[in-house]
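Each residue of the sequence shown is one higher than the one before, counting from 1 in UniProt numbering. Glycine is no exception: its CB is placed at the ideal position from the N, C-alpha and C atoms. Since this is a predicted model, take the numbers as computed values, not measurements. See structure below.
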Amino acid sequence: MSASANIEDLSALADVASGARCVQVICLGLSALDQVWRVDRLFAGNSEKIKAIDYGTLGGGMAANAAVAVARLGASVAFWGRAGDDAAGHEMRSAFAAEGVDVENFRLFPDGRSSVSGIIVDSSGGAADRELPWSLSGSGRLASA
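This is the structure we're talking about:
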């Protein structure tokens, strides 16, 4: 790639960042709500309880993460996907909107279940080899996803 091509690329990025040029992007795919527990150490055995030292919820899914990244770069972006008309679905929709992502085509279905994952991270920042996808069933009980 020539130096002039690099300068043109930087100029185009500057135009997007300044708002002088509107870029429209549609991200189509999965959104998930990741529930993350931070612990001092990972599980040592079979049946064990470990106290979490921190907890938070974060948006996830490759297309959803890309939509938020594009919005943060200043481009016009929409997320097209679906989730359940449940607490997780509403939380994801609100988080997208707060980031400036167009959610007109992010559909929440009354009988659908949103994708929710439980992730355990140790104090070194490494995720455990256990990711626990689950969702709430209509009865309010945990069900495997």
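Practice task
Please confirm if the region 65-79 is in contact with the region 40-47, defined as three or more CB-CB distances below 8 Å between the two stretches.
Solution key: No, they do not touch.
Problem - Classification of S115 by the beta-carbon crowding that lies within 10 angstroms, buried from 16 upward - result: As a working note, residue 115 is residue 115 in the sequence shown. Result: buried.
Practice task
Excluding the 5 residues preceding and the 5 following G140 in the sequence, name in chain order all residues of the same chain whose CB lies nearer than 8 Å to its CB.
Solution key: Taking the first residue of the sequence shown as 1, we reach residue 140 at position 140. Unreliable placement is indicated for G140, whose pLDDT of 41 sits below 50; no coordinate value is reported for it.
Problem - Run of the beta strand (DSSP E) containing S115, from where it starts to where it stops - result: What you label residue 115 is simply residue 115 of the sequence shown in a count that begins at 1. For S115, no beta strand (DSSP E) segment is defined, and its DSSP state is neither H nor E.
Exercise for the section: Count the other CB atoms, across all protein chains shown, that sit within 10 Å of the CB of A97; report buried if there are 16 or more and exposed otherwise. Expected result: Taking the first residue of the sequence shown as 1, we reach residue 97 at position 97. The residue is exposed, with fewer than 16 neighbouring Cβ atoms inside 10 Å.
Handout entry: Neighbourhood of G60 by C-beta distance below 6 Å, restricted to the same chain and skipping five residues each side
Key = Residue mapping note: residue 60 aligns to position 60 of the sequence shown, counting from 1. In its chain, beyond the 5 residues on either side, A32 and D34 have a beta carbon closer than 6 Å to the beta carbon of G60.
Exercise for the section: From the DSSP output, in three-state form, read off R82 for me. Expected result: On the sequence shown, position 82 is the one that residue 82 refers to. Under the three-state reduction of DSSP, R82 is assigned to strand.
Practice task
Give every residue of the same chain whose Cβ lies closer than 8 Å to the Cβ of I53, excluding the five residues on either side of it in the sequence, and list them in chain order.
Solution key: Translated into the one-based positions of the sequence shown, residue 53 becomes position 53. When the five nearest sequence neighbours on each side are left out, the beta carbons in the same chain lying within less than 8 Å of the beta carbon of I53 are those of R38, V39, D40 and S123, in order along the chain.
Practice task
With a 10 Å radius around its C-beta and 16 neighbouring C-beta atoms as the bar for buried, classify residue 150 as buried or exposed.
Solution key: This structure does not reach residue 150, given that the chain is present from 1 up to 145, and the question cannot be answered.
Handout entry: Burial state of A87 (16 or more Cβ within 10 Å)
Key = On the sequence shown, position 87 is the one that residue 87 refers to. A87 comes out exposed.
Exercise for the section: State the beta-bridge partners of R38 as determined by DSSP. Expected result: Taking the first residue of the sequence shown as position 1, residue 38 is located at position 38. Paired residues: D54 and V121.
Handout entry: Collapsed DSSP secondary structure at G59 in the structure displayed
Key = In the sequence shown, the residue the question calls residue 59 occupies position 59. In the three-state reduction of the DSSP assignment, G59 falls in the strand class, which pools E and B.
Exercise for the section: Tell me V77's beta-bridge partners as DSSP assigns them. Expected result: Against the sequence shown, residue 77 aligns to sequence position 77. V77 is bridged to V25.
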